[in-house]
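Structure record follows, encoded as structure tokens.
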Amino acid sequence: MSTYAIGDIQGCYEPFRRLLDKIHFDPVKDTLWIAGDLVNRGPGSLEVMRFLFSIRDSVIAVLGNHDLHLLGVAYANRKPGKQDTLTDILLADDREELLTWLRHLKIMHSDAKLGYAMTHAGIPPQWSLTEAAGYARELEAALRSDQFPVFLKDMYGNQPDCWHESLSGTDRLRIITNYFTRMRFCRADGTLDLITKDSANEAPEGFIPWFAHPHRKTVNDQILFGHWAALEGKTDTPQVYALDTGCVWGGQLTAMRLEDKQIFSCGCDDV
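Quick note on full-length UniProt numbering: the sequence shown kicks off at 1 and runs consecutively.
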């Protein structure tokens, strides 16, 4: 019995299945953790969704920004982007079953026995693991409520750019969303830069990668995240594991076996 954590699949179905073959994944006895962005940009988003749904009892996945965008397009009249590859899902006969499953995925997952927490983009430096779990539950509740289309309509935007406990309503949910699904660079107080997508050593002035803050509250916790392909799987930070290695951009799809931290990779064009 093994647990494998995989970074952003983003609709790269064939490399995903090759990676599962490489690690000899068995859904009967193994568990698959996925760090968000199951869909979009790659050519097989519908196939990824259908496959994961078929083995859902063996899958623990958190939502990424592309997954939330799919829900926004499907339920909140959000205009698709020019590079989106979501049409097959939106037109599928089983779309409601798949999208309902997607909407009920987690924002954050933690496992005390294995000793890891996973979100799509990370955890801002001013939040402890316990605090982050509570804020994740707030966002999950909004997505699972009958009013979820209202949230999806309002979730887009870069403001507010810093957390404060007094935030409420749309502002509160939006910044929680941005921390968990869009964050890369921030200040020590959590102020976000949501424009820069470069590598860790190309931070805008006054900002550093969220995981590099020396006094972040999760410095003693093991954190898995995706989202940041420019890191190429490297954080140079103990106990922080970057899983997005840019498969959809011609890089690798990567899995980490959590029990021993062994890394397995499959190139996007590997045969």
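Idealized CB from N, CA, C, for every residue including glycine.
Note that the coordinates shown come from a computational prediction; the quantities given were computed from them, not determined experimentally.
For residue i, list the residues DSSP reports as bridge partners.
i    : result
S110 : A117
W33  : A5 and I60
G267 : Q252
R257 : Y4 and Q262
L192 : C186
I223 : A117 and V240
I208 : C186
Nearest CA to the CA of residue i: which residue from the options?
i    : options                 : result
Y241 : A121, I89 and M1        : A121
L258 : G246, Q252 and Q222     : Q222
P238 : P15, A61 and F211       : F211
C266 : Q252, S110 and A74      : Q252
L38  : A203, F25, L71 and D57  : L71
L173 : G44, A142 and G233      : A142
E97  : R50, N65, P124 and L114 : R50
L68  : P80, P160 and D57       : P80
G36  : I55, S54, T119 and K113 : T119
L224 : M108, S2 and I23        : M108
L243 : T3, G7 and Y135         : G7
Just to confirm my understanding: we take residue i, look at its own chain, exclude 5 residues before and 5 after, and list those with CB closer than 8 Å. What are they?
i    : result
K153 : G72, A76, N77 and R78
Rounded to whole angstroms, what's the CA-CA distance from residue i to residue j? Just pull it up for me.
i    : j    : result
W33  : I60  : 5 Å
D84  : I9   : 14 Å
M183 : L194 : 7 Å
K29  : T245 : 26 Å
S58  : S110 : 16 Å
V248 : L102 : 20 Å
Would you please state the rounded distance, in angstroms, between the beta carbons of residue i and residue j? I believe it to be under 8 Å.
i    : j    : result
A74  : L99  : 6 Å
R144 : H104 : 6 Å
Can residue i be considered in contact with the ligand GDP, in the sense that its beta carbon sits closer than 7 Å to one or more heavy atoms?
i    : result
N158 : By its list of ligands, the structure shown contains no ligand whatsoever, and the ligand GDP lies outside what it can speak to.
Identify, in the order they occur along the chain, each residue of the same chain with its Cβ nearer than 7 Å to the Cβ of residue i, setting aside the five sequence neighbours on each side.
i    : result
D198 : A230
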